[in-house]
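Participant: The opening position of the sequence shown corresponds to residue 1 in UniProt numbering, with each subsequent residue numbered one higher.
I'd like to ask you about the structure that follows.
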Amino acid sequence: MSIDKGVRIDAKGRKHSGPKGREAESLRFETKLLHFGGEIDRATGASSVPIYQASTFHHEDIYQPPLHDYSRSGNPTRQALEDYIALLEGGVRGFAYASGMAAISSSFMLLSAGDHMIVTEDVYGGTYRLLTSILNRMGIESTFVDMTDLDQVKAALKPNTKAVYMETPSNPTLNITDIGAVTDWAKEHDLLTLLDNTFMTPYYQRPIEFGVDIVIHSATKFLGGHSDVLAGLAVARTEELAGRLKQLQNGLGTVLGVQDSWLLMRGMKTLGARMAHSEESAAKLAAWLQGRSDIERVYYPGLLNHPGREIHEKQSSGYGAVISFDVGSGERAKQVLNQVKLPLVAVSLGAVESILSYPAMMSHAAMGEQVRHERGITDGLLRFSVGLEDVDDLIADLDQALAGSRY
1 MSIDKGVRID AKGRKHSGPK GREAESLRFE TKLLHFGGEI DRATGASSVP
51 IYQASTFHHE DIYQPPLHDY SRSGNPTRQA LEDYIALLEG GVRGFAYASG
101 MAAISSSFML LSAGDHMIVT EDVYGGTYRL LTSILNRMGI ESTFVDMTDL
151 DQVKAALKPN TKAVYMETPS NPTLNITDIG AVTDWAKEHD LLTLLDNTFM
201 TPYYQRPIEF GVDIVIHSAT KFLGGHSDVL AGLAVARTEE LAGRLKQLQN
251 GLGTVLGVQD SWLLMRGMKT LGARMAHSEE SAAKLAAWLQ GRSDIERVYY
301 PGLLNHPGRE IHEKQSSGYG AVISFDVGSG ERAKQVLNQV KLPLVAVSLG
351 AVESILSYPA MMSHAAMGEQ VRHERGITDG LLRFSVGLED VDDLIADLDQ
401 ALAGSRY
């Protein structure tokens with residue numbers, strides 16, 4: 001199969017001929033993960049893109065500047081990653097950042113003082129902190145709404161509303177937003193739409209296909225997959241937006257380093273196998289938790305009684321590997337955390353090893369107690385990111401931890 005000689009856009013917005021993927025439109029997703037255009041170094045035939053550990057690039061002819069001139073503006077290793085995620089998400093251009101929050105904050109810089117944004121109410125705690133303690137000081141307003149209810153989204157519209165920010169499934173209560181319905185409504189009002197796709201990844205959900213303008217990832221999680229890299233990614237649906245994002249990425253300097261870019265590409269190659277295995281285990285674990293009388297509630301889109309399951313199935317091809325469950329009290333949650341032996345008890349998710357988190361003290365510590373409780377993030381809520389261990393071992397370990405805690 002021949003390399004598709006597509007058009008590439010460099011850091012200055014110039015067009016250049018070069019490989020863009022192996023007949024990308026005809027390949028299935030699992031194949032794209034391995035054949036994305038940067039899997040072979042065209043100069044040497046090496047089996048992975050080289051790490052260009054360089055801050056600057058020589059100008060052979062000052063009248064014809066090189067494709068890359070300074071690594072903040074563009075680096076071949078980072079460019080390979082950015083092309084990779086753009087291919088997987090179906091956007092025109094991708095951008096790699098130093099963290100997921102760098103990707104989010106840089107994207108929010110598309111707004112200006114006096115603008116207003118409508119946001120998923122049970123959003124990731126870091127996003128909430130950014131909106132309520134930093135961007136609000138710069139005159140950017142936010143209204144948090146239950147995005148499972150389109151009427152609430154519509155009711156939040158103001159004359160100065162410029163954007164809608166979605167997170168579906170939401171973190172950590174796994175509520176589902178109807179992406180197509182929100183996006184269609186947003187376009188009627190000329191609103192920018194952004195969506196955090198960290199939980200689903202493009203393996204299960206491709207929001208650009210539903211009209212979303214910018215898709216964002218904490219690539220630290222499932223895309224990287226090995227708890228060894230901190231990274232963020234964003235993908236633009238249109239060239240106009242891509243140009244604006246590039247200006248912000250370059251101007252703010254929030255770029256991902258080349259070593260981490262290489263690590264992230266290595267992790268992404270196994271995304272399909274990891275997600276499929278972890279989802280199968282997550283479904284079994286969620287059903288087991290739901291069958292226990294000492295668990296107050298289980299949150300997982302794959303459960304038959306999940307209120308957003310039907311909508312989720314319209315826009316996603318799987319249910320993911322994250323489960324949240326309420327053990328009844330903060331004291332019991334802490335006991336469980338202290339007694340489990342297999343999962344990491346840590347911030348983050350989406351790794352080869354299972355990770356058990358306590359949102360009230362970890363991912364959503366920036367939210368006040370009343371705000372958390374209003375969003376269903378109770379003191380007894382735990383979030384389990386299912387890894388690649390044997391699920392029966394995970395269940396046995398969680399069983400002993402629950403049995404040894406006071407309900």
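Virtual Cβ for every residue (Gly too), placed ideally from N, Cα, C.
Bear in mind that the values here come from a model prediction, so they are computed numbers and not experimental data.
Is the segment 85 to 93 touching the segment 166 to 186, taking contact as three or more C-beta pairs under 8 Å?
Facilitator: Contact fails: fewer than three Cβ-Cβ distances are below 8 Å.
Participant: What does the alpha-carbon distance come out to for the pair residue 411 and GLY232?
Facilitator: Given a span of 1 to 407 for the chain in the structure shown, any question on residue 411 remains unanswerable.
Participant: What runs of the beta strand (DSSP E), each 3 residues or longer, lie entirely inside the segment 177 to 237?
Facilitator: The qualifying runs are 192 to 196, 214 to 218, 232 to 236.
Participant: Considering only residues of the same chain and omitting the five flanking positions on each side of GLU39, which have a CB-CB separation below 6 Å?
Facilitator: The residue you call residue 39 lines up with position 39 of the sequence shown. Taken in chain order, the list of residues that qualify is empty.
Participant: Return the Cβ separation of residue 410 and LEU195 in integer angstroms, given the expectation that the two are a contact with Cβ distance under 8 Å.
Facilitator: For the chain, the structure presents residues 1 to 407; residue 410 sits outside this window and is missing.
Participant: Using only alpha-carbon positions, find the residue among VAL235, HIS306, ALA219 that is nearest to LEU87.
Facilitator: Position 87 of the sequence shown, counted from the first residue, corresponds to residue 87. The candidate whose alpha carbon is nearest that of LEU87 is VAL235.
Participant: Which class does ARG78 belong to by DSSP, given the choice of helix, strand or coil?
Facilitator: By 1-based counting over the sequence shown, the position of residue 78 is 78. If DSSP states are grouped into helix, strand and coil, ARG78 belongs with the helices.
Participant: In whole angstroms, what separates the C-alpha of VAL145 from that of ILE377?
Facilitator: Counting from one through the sequence shown, the residue named residue 145 turns up at place 145. Counting from one through the sequence shown, the residue named residue 377 turns up at place 377. When rounded, the distance between both Cα atoms is 15 Å.
Participant: Between the segment 251 to 271 and the segment 65 to 76, do at least 3 Cβ pairs fall closer than 8 Å?
Facilitator: Yes, since at least three Cβ pairs between the segment 251 to 271 and the segment 65 to 76 fall closer than 8 Å, the two stretches touch.
Participant: Can you tell me whether DSSP reads residue 408 as helix, strand or coil?
Facilitator: As shown, the chain starts at 1 and ends at 407. That puts residue 408 outside it, with no answer to give.
Participant: Take the Cβ of ALA11 as the centre, count every other Cβ of all protein chains shown within 10 Å, and call the residue buried at 16 or more, exposed below.
Facilitator: Walking along the sequence shown from the start, residue 11 turns up at place 11. Here the model assigns ALA11 a pLDDT of 41, short of 50, so the residue's position is not dependable, and the following value carries that caveat. So ALA11 ends up on the buried side.
Participant: Hey, quick one: how far does the beta strand (DSSP E) through LEU381 stretch, first residue to last?
Facilitator: As a first step, residue 381 must be located in the sequence shown, where it is residue number 381. Start and end: 381 to 385.
Participant: Which whole runs of the alpha helix (DSSP H) in the segment 318 to 406 are 4 residues long or more, in chain order?
Facilitator: Fully enclosed alpha helix (DSSP H) runs of 4 or longer: 330 to 339, 369 to 374, 391 to 403.
Participant: Where DSSP assigns a beta bridge to ILE104, which residues make up the other side?
Facilitator: For the purposes of this step, residue 104 is taken as the residue at position 104 of the sequence shown. ILE104 pairs with nothing; no bridge assigned.
Participant: Pull up the CB-CB distance for GLY272 and LEU33, whole angstroms please, since I reckon it's below 8 Å.
Facilitator: Here residue 272 corresponds to residue number 272 of the sequence shown, with the count starting at 1. Here residue 33 corresponds to residue number 33 of the sequence shown, with the count starting at 1. The Cβ separation is near 6 Å, so the contact holds.
Participant: Output the distance between the C-alpha atoms of GLN370 and ALA333, rounded to the nearest integer angstrom.
Facilitator: To locate residue 370, count along the sequence shown from 1; it is residue 370. To locate residue 333, count along the sequence shown from 1; it is residue 333. Distance between the alpha carbons of GLN370 and ALA333 is about 18 Å.
Participant: Does the pairing of the segment 207 to 215 with the segment 336 to 344 give three or more beta-carbon distances under 8 Å?
Facilitator: Short answer: they don't touch.
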